[in-house]
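Numbering-wise (numbering that gives the first Met the number 0), the sequence shown opens with residue 0 and increments by one.
Quick reminder that beta carbons are idealized off the backbone N, C-alpha and C, glycines included.
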Amino acid sequence: MANTRTPLIAGNWKMNLSLAEATALASAVKDAAAKYTDRDVLLYPTFLQLTRVAEIVKGSRVLLGAQNCSAEKEGAFTGEIAAAQIKDAGAGYILIGHSERRHILKESDAFLKTKIDRVLDEGLMAMLCVGETLDERESGRAETVVLNQLNAALSHLTKDAWKHIAIAYEPVWAIGTGKNATPEDAQAMHAAIRKRIALLNADAAPTTRILYGGSVKPDNVAALMAKEDIDGALVGGASLKAESFSELIKLAK
Ligand code: PEP
């Protein structure tokens, strides 16, 4: 049976782009997204660019997200940004547990679980990133690692909370390296993730979007998204240029 999940193509701008560049790129993405009503487009600019990008995409099909949030609600946490402030800026999504935060900034599973709760407290969508390192894949532990990450962050959720969850499977060895998982390997992991979601909440399994991330480009996106359980892409490098991201939007069906 064909699934009813709307494809989602998301651009993670990381710590890139000036305000002028972000403004121009957001306008170009808005124009590209306007051509397709059967897929969703989501942008993750830096915090400083959120309000500007929110103004640009207002009233369009383009969704807006933040790349991270504090694990705390509010208060004396210098340099942090609260989920409520992100909501206030006009964003609907927050990316949680990107591999750069897990591995470079050493964010633990327990810490990420708290962040998920902060996102859900505000009624926003949390996109949880999971993924194994090269060493974990080569030693046959990829699925265990990924499912443990999923369980640690999400197994406590109520049934209703699952409506606010999306997953991004991003093998760490594929991020920014030019090496993507084969569509078959990615599909196998997505199917394992969906099976685990079914154990946690049977109703959420057919509806939760699971995106693939890791060196997605216009020349590999169609083969990845042709797979049954791959519902979209989380894109880093190729989301930074209007031409390549517009091409990805066009091909993401
Ligand atoms: C990412 O940042 O989540 C990512 C997948 O990056 P890239 O597309 O550059 O591999």
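Closer than 6 Å: is that where the CB of residue i sits relative to any heavy atom of the ligand PEP?
i: Ser214; result: yes
i: Asn150; result: no
i: Leu233; result: yes
i: Ile93; result: no
i: Ile8; result: no
i: Ile174; result: yes
i: Gly236; result: yes
i: Asn67; result: no
i: Asn15; result: no
i: Asn219; result: no
i: Asn11; result: yes
Classify residue i: buried if its beta carbon has 16 or more other beta carbons within 10 angstroms, exposed otherwise.
i: Ile103; result: exposed
i: Ala109; result: exposed
i: Phe76; result: exposed
i: Asn200; result: buried
i: Ser138; result: exposed
i: Asn2; result: exposed
i: Leu198; result: exposed
i: Pro6; result: buried
i: Pro44; result: buried
i: Asp202; result: exposed
Any idea what DSSP makes of residue i, helix, strand or coil?
i: Ala125; result: strand
i: Ala261; result: A question about residue 261 goes unanswered here, because the residues of the chain that appear run from 0 up to 252.
i: Ala90; result: coil
i: Asp39; result: strand
i: Ala225; result: coil
i: Gly236; result: helix
i: Val61; result: strand
i: Ile209; result: strand
i: Asn147; result: helix
Assuming residue i contacts residue j (C-beta within less than 8 Å), just tell me the rounded distance between them.
i: Ser238; j: Ala27; result: Between Ala27 and Ser238 the Cβ distance is about 11 Å, and since that is not below 8 Å, they are no contact.
i: Gly58; j: Ala90; result: 15 Å between Cβ atoms; not a contact.
i: Ala83; j: Lys114; result: No, Ala83 and Lys114 are not in contact; Cβ-Cβ is about 13 Å, not under 8 Å.
i: Asp293; j: Arg4; result: Lying outside 0 to 252, the shown extent of the chain, residue 293 is not represented and no answer is given.
May I ask you to verify whether the region 205 to 215 touches the region 138 to 152, counting CB pairs closer than 8 Å and requiring at least 3? No: fewer than three Cβ pairs fall under 8 Å.
Please confirm if the region 193 to 205 is in contact with the region 113 to 132, defined as three or more CB-CB distances below 8 Å between the two stretches. Because the criterion of three Cβ pairs below 8 Å is not met, the region 193 to 205 and the region 113 to 132 do not touch.
Using 8 Å as the Cβ pair cut-off and three pairs as the minimum, do the region 169 to 186 and the region 14 to 29 touch? Contact fails: fewer than three Cβ-Cβ distances are below 8 Å.
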